[in-house]
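Undergrad:
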Amino acid sequence: MRLHPRRVGALSPPRPVWLTALAAVGFLGALAVALALGGRADAHAYGGQAGPAQQLIATGKQVFRFDTFGDEQFWGSTLQINKAVAGAAHGGVGPGVSPKTALAVGLKVDVNALPASVVTALKNGTANLDDPATTLALLKLNAVVGLKGVFNGSGTLTSLGITCAVCHSTVDNSLAPGIGHRLDGWANRDLNVGAIVNLAPSGRLQPVADQLKVSEATVRTVLNSWGPGKFDAELFLDGKAFQPNGRSAATLIPPAFGLAGVNLHTWTGWGSVTQWNAFVANLEMHGQGTYLDSRLDNAAQFPIAAANKLGHTRHSPDLITSKLPALAAYEEVLTAPTPPPTSFDAAAAKRGAVLFAGKAGCATCHVQPLFTEPGFNLHPASDIGIDSFQADRSPTHMYRTAPLHGLWTHTKGGFYHDGRFPTLLDVVNHYDTFGHLGLTPREKSDLVEYLKSL
Ligand code: HEC
Ligand code: HEC
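This is how it looks when you write it as structure tokens:
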């Protein structure tokens, strides 16, 4: 769903009913609950005694979920998203963002952060999901995945920051759609980042527009073109908003799990996990840290990054660099979840595995069980039969062989970096045509079942 900022309010009923059970509840102490969560990584991390490695992973989990790196400076002070979220009735501007609207743009609510009374109200349908006051209450509980509200003594939302979890986590919908237990590392393919940034009140995107040397209206059009599950990490480097074919230049949010053993990261192999973490925390989230990358001085490829010296970013104090070891350690242990046994045809998947390693030639690049090259895992676009637009927005000018574990968790939005193939069968058909593989319809569907089983 694409939301224009002015239409966000339209999703809420005109007169919100102020009978929310949430507002009546005291919320102190719930934050502690949010911090005491389980997950796959913990099973690894706490299998033995909590030594230094376990402590590093536990710290990394906190950073991944809750650390904004001081990016409130951007999302709050500059963009003033906090004001749009609060609404005029609560010290902000406009209609405010109701929980219904927040869920509609793909934000998720962590059930473990909610007191029992709120869980009951949600179950009974007595919590008012049309009232921005409820959103504020959820933010106070630290229950909105990947968003951190800053409140003053009188309860006004004075700022807002984002964490890695906003894009790279979702929930299991155990309580309701969009409300459940955290699933760290899963790509949030419901999240409409563009619509959220577009919440910035009129005039607040001007600094961004100035950097891109376009009008604020153009920035808003670009943000609206992204759609759910997508983000453009290169826009503020090269200013390219659209592919030559007119499609958005944004890429899909990939999972942040299943990356152990994988050499280069991102769709186009920008670097290691820790290179990319530093990049994102500084240049995309706009946290306060240090990012040094001479590749961004290439003014021909990255005119905006070069002009703004983004490869020489330094803040004091540095709120990012000291957290990189823990963050990388946590991502290292986020394994891809196994698919439910009923979600694929096991016999067909077994036949598909043979094809994958044999006739279809997939394993020449997607080497089992890593599913990318052990070694150098980048390819020119011509190796996979697609255009080089996105590859050319990276210093590598190549595409990274995507690791394939957990494909079943991100079928929404399509496959390949920009989601150009809506289904796994479309992916297989592409390889079949491009590589003259001569796969029969049954072989294709066997391959698809295998991909679903990873
Ligand atoms: C606004 C959404 C957003 C946020 C916030 C975000 N990411 Fe990402 N992440 C993306 C997108 C989009 C990509 C793909 C970028 C590309 O290929 O150009 C990506 C790529 C990655 C990758 C590479 C995955 C792979 O398959 O190799 C890792 C690792 C990662 N992010 C970790 C993080 C961490 C850690 C944070 C917090 C410091 C973070 N991200 C914050 C959207 C986001
Ligand atoms: C020449 C190396 C190479 C071969 C051979 C290859 N792939 Fe890929 N594969 C890639 C690269 C590179 C990407 C990333 C494309 C992108 O980022 O747009 C990819 C992406 C994918 C994706 C999308 C993953 C995602 O997260 O969207 C799937 C699925 C996939 N390959 C399956 C296969 C199958 C099935 C075969 C065999 C029929 C195969 N690949 C053969 C290199 C290869």
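Residue numbers (the working numbering): 16 to 469.
Ideal placement from N, C-alpha and C gives every residue a C-beta, glycine not left out.
Helix, strand or coil for I194, going by three-state DSSP, please let me know.
TA: In the sequence shown, counting from the first residue as 1, residue 194 sits at position 179. In the structure shown, I194 sits in a strand (DSSP, three-state: E or B).
Undergrad: Go ahead and pull the three-state DSSP assignment for F246.
TA: For the purposes of this step, residue 246 is identified with residue 231 of the sequence shown, where counting begins at 1. F246: strand per DSSP, three-state reduction.
Undergrad: Assuming the contact rule is C-beta atoms closer than 8 angstroms, A99 and G106 should be a hit. Round their C-beta distance to whole Å, please.
TA: Within the sequence shown, numbered from 1, the residue matching residue 99 stands at position 84. Within the sequence shown, numbered from 1, the residue matching residue 106 stands at position 91. Actually they do not touch by this definition, with Cβ atoms about 12 angstroms apart.
Undergrad: With DSSP run on the structure shown, which of helix, strand or coil describes Q328?
TA: The count along the sequence shown starts at 1 and reaches residue 328 at position 313. The amino acid at residue 328 is misidentified as Gln; the sequence shows Thr. Looking at T328 - three-state DSSP - the assignment turns out to be strand.
Undergrad: Which same chain residues, not among the five before or five after H420, have their C-beta less than 7 angstroms away from its C-beta?
TA: The count along the sequence shown starts at 1 and reaches residue 420 at position 405. Around H420: G273, A351, F386 and L469.
Undergrad: What is the DSSP secondary structure of Y446, counted as helix, strand or coil?
TA: Numbered from its first residue, the sequence shown carries residue 446 at position 431. Of the three classes helix, strand and coil, the one that applies to Y446 here is helix, per DSSP.
Undergrad: Counting only the same chain and skipping the five closest in sequence on each side, list residues whose C-beta sits under 7 angstroms from that of H196.
TA: For this step, residue 196 is matched to residue 181 along the sequence shown. So the list reads V126, N127, V186, D187 and S189, once near-sequence residues are dropped.
Undergrad: Sorted by chain position, which residues of the same chain lie with C-beta nearer than 6 angstroms to V442's C-beta, five sequence neighbours on each side aside?
TA: Stepping through the sequence shown from its first residue, residue 442 is reached at position 427. The residues are F430 and F436.
Undergrad: What are the boundary residues of the beta strand (DSSP E) that F166 is part of?
TA: Residue 166 sits at position 151 when you count from the first residue of the sequence shown. L162 to F166 is the span of the beta strand (DSSP E), which, as asked, contains F166.
Undergrad: Taking DSSP as the reference, what is the three-state secondary structure of F251?
TA: As a first step, residue 251 must be located in the sequence shown, where it is residue number 236. In this structure, F251 counts as helix in the three-state DSSP scheme.
Undergrad: Does any heavy atom of ligand 1 sit closer than 7 angstroms to the C-beta of E87?
TA: Here residue 87 is taken as the residue at index 72 of the sequence shown, counted from 1. For ligand 1, not one heavy atom lies less than 7 angstroms from the Cβ of E87.
Undergrad: Are the beta-carbon atoms belonging to L339 and A293 less than 8 angstroms from one another?
TA: By one-based count along the sequence shown, residue 339 stands at place 324. By one-based count along the sequence shown, residue 293 stands at place 278. Yes, these two residues count as a Cβ contact at 8 angstroms.
Undergrad: Report buried or exposed for R80, applying the criterion of at least 16 other Cβ atoms within 10 angstroms of its Cβ.
TA: The residue given as residue 80 occupies position 65 in the sequence shown. Buried, because 16 or more other Cβ atoms sit within 10 Å of the Cβ of R80.
Undergrad: So is the beta-carbon of W241 under 7 angstroms away from any non-hydrogen atom of ligand 1?
TA: Mapped onto the sequence shown, residue 241 falls at position 226. Outside the cutoff, so no.
Undergrad: Buried or exposed: where does Y61 fall if 16 or more other Cβ atoms within 10 Å of its Cβ makes it buried?
TA: Counting from 1 along the sequence shown, the entry for residue 61 is found at position 46. Low local confidence applies: a pLDDT of 46 at Y61 is under 50, so the model's placement there is unreliable, and no value is given.
Undergrad: Hey, L307 and F251: beta-carbon distance below 8 angstroms or not?
TA: Within the sequence shown, residue 307 is the residue found at index 292, counting from 1. Within the sequence shown, residue 251 is the residue found at index 236, counting from 1. Cβ atoms of L307 and F251: not closer than 8 angstroms.
Undergrad: Say yes only if the C-beta of E299 is nearer than 7 angstroms to one or more non-hydrogen atoms of ligand 1, and no if none qualify.
TA: What you label residue 299 is simply residue 284 of the sequence shown in a count that begins at 1. Yes - ligand 1 has a heavy atom lying nearer than 7 angstroms to the Cβ of E299.
Undergrad: Buried or exposed, going by whether 16 or more other CB atoms sit within 10 Å of the CB of L462?
TA: As a working note, residue 462 is residue 447 in the sequence shown. It counts as buried.
Undergrad: For V159, list the residues DSSP reports as bridge partners.
TA: Counting from one through the sequence shown, the residue named residue 159 turns up at place 144. Answer by DSSP bridge pairing, in chain order: V124.
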